[in-house]
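Presented below is the structure to which this report refers.
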Amino acid sequence: MNRLNRESGNVLPVRIYGDQLLRKKSEPVEEIDGRIKGIISDLIATMYEKDGIGLAAPQIGHNLRIFVVDPDWFRSGEKNPRVFINPRFLSLSGVEEEEEGCLSLPGITAEVKRAEKVVIEAMDQEGKMQRYEAEGLYARALQHENDHLDGILFIDRISKLKLITLKWKLRALEQKKDNKGVNLDTYFSDKQSDIPRNS
Ligand code: NI
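Each residue of the sequence shown is one higher than the last, beginning at 80 in this note's numbering.
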């Protein structure tokens, strides 16, 4: 089977809770050059390999306002990755509380309140401005990924009481970081691969 060009990226380690980069505000993308296209391909490859609904650039080590979401993958199994560069919500309406997880918070889930419907504007990988309307899980994924660009994790949006119950799990994740503050998931060590962990 032919592999689509957009899926030719590398599967990369995902930064997990405790990593400083996850808490930084990301910078807007100025120009969609070869480097940015490479980051997009890596995001897409990593998202599918790790069964994510979406993935944001800071999670693979880039402080840039880019994320990918696939609204069809989790519904139908059909791959239709969408790229959001310098995204901006035009409207958020309704409230829905559902369970959420994050590749940067392995083993942790919690109920999070999000807008039920959103309208979002973003550049696609060709540099064209696109507007999307979304609801339900798709809308939730867009809000979750957009939060990553502002250094926000879903645990920042849960009740204090629930957060207390997660304290020890969070502490355990945090302690995995190296002396440079880099904290990666165990995907590669789990697979006993000798692919180097880049930071
Ligand atoms: Ni996440």
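Note that the Cβ used here is the ideal one computed from N, Cα and C, for glycine as well. All of these numbers come straight from a predicted model, not from anything done at the bench.
Residue range of the beta strand (DSSP E) that residue i falls in?
i	result
E110	Counting along the chain, E110 falls outside any beta strand (DSSP E), and DSSP gives it neither H nor E.
Just verifying my parser: in three-state terms, what is the DSSP assignment at residue i?
i	result
A220	helix
R144	coil
P160	coil
E128	helix
Q209	strand
L122	helix
N225	helix
N84	Reliability fails at N84, whose pLDDT of 44 lies under 50, so the model's placement of it is uncertain and the value that follows must be treated cautiously. Helix at N84.
K256	coil
Q99	helix
Of the choices the options, whose alpha-carbon is the least far from that of residue i?
i	options	result
K54	N165, V148, P166, R167	Outside the displayed range of the chain (80 to 278) lies residue 54, so it cannot be described from this structure.
L134	I199, G113, H227, W247	H227
G131	K239, K192, V90, G173	V90
Is there at least one non-hydrogen atom of the ligand ATP closer than 7 Å to the beta-carbon of residue i?
i	result
L182	By its list of ligands, the structure shown excludes the ligand ATP, since it contains just the ligand NI.
Name the one or two DSSP bridge partners that residue i has.
i	result
S172	K196
L134	V147
L263	R94
R167	E200
Which two residues bound the contiguous alpha helix (DSSP H) that contains residue i?
i	result
L252	246-253
F153	152-155
Would residue i pass as a contact of residue j if the rule is Cβ separation under 8 Å?
i	j	result
L143	S87	no
L182	V261	no
L242	I234	yes
I237	M202	no
E177	T188	no
G173	K196	yes
Y96	E224	no
A194	A220	no
V162	Q204	yes
S155	V198	no
P160	I123	yes
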